[in-house]
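Here's the structure, in structure tokens; my notes come after.
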Amino acid sequence: MIYKNKFCTVINCIDGRVQLPVINFLKNYFDAEFVDSITEPGPIKIMTERKSKLKLESIYNKINISLDKHNSVGMGVVGHFNCAGNPVSKDKQIEQIKKSVLILKKTYPNINIIGLWVNRKWEVSRVNT
Ligand SMILES: [Zn+2]
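The opening residue of the sequence shown carries number -4 in our numbering; numbering runs sequentially from there.
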């Protein structure tokens, strides 16, 4: 097999239960072979509450490496059921996902950015943004 080295990027939770479902979804969605993973516990909480400048800078540094060095073609930002790092309702998380996508689109207007929700069966779906 010859690889095209086509990458996409995900801003995901550290939670082991969501890794493979999210990677498989994004590989298929962006027709990419590889998914660069940027993980924090409850990243949509960090992105939207903006309380830690250090954590935000760390996330953006990682995104920039994925975009610049791997020419990533798209980005996903993820919230999920039973998140230990972000123990709020699904409704609240959907709101945070939408807001995270908007924030990221301002910084990266030329990248296709989507929001994802992972449910209690560890199934992935797109959030309308
Ligand atoms: Zn989580």
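Just so you know, even glycine gets a beta-carbon here, dropped at the ideal spot from N, CA and C.
Residue range V119 to V122 is occupied by the beta strand (DSSP E) that includes S120, with no alpha helix (DSSP H) assigned at that position.
Counting along the chain, no beta strand (DSSP E) covers S84, and no H or E run does either.
Collapsing the DSSP output to three states places V5 in a strand. Judged by the Cβ position, G71 fails to qualify as a neighbour of ligand 1 at the 7 Å threshold, every heavy atom of the ligand being at least this far. DSSP, reduced to helix, strand and coil, places V68 outside both helices and strands of the structure shown, so it counts as coil. K1 has its alpha-carbon roughly 8 Å from the corresponding atom of H65. K40 counts as buried, since no fewer than 16 other beta carbons sit within 10 angstroms of its beta carbon.
Positions of the beta strand (DSSP E) runs, each at least 3 residues long and wholly inside the stretch 7 to 42, are given as 29 to 34 in order along the chain. Taking C3 as the centre and dropping the five residues before and after it, the same chain places the C-beta of L21, F25, A27, V30, S67, V68 and G69 closer than 6 Å to its C-beta, in chain order. In the three-state reduction of the DSSP assignment, N107 falls in the strand class.
Beta bridge pairing from DSSP links V73 with L111.
Under the three-state reduction of DSSP, S47 is assigned to coil, being neither helix nor strand.
A distance filter of 5 Å between CB atoms and the heavy atoms of ligand 1 selects the following residues in sequence order: C8, D10, C78 and G80.
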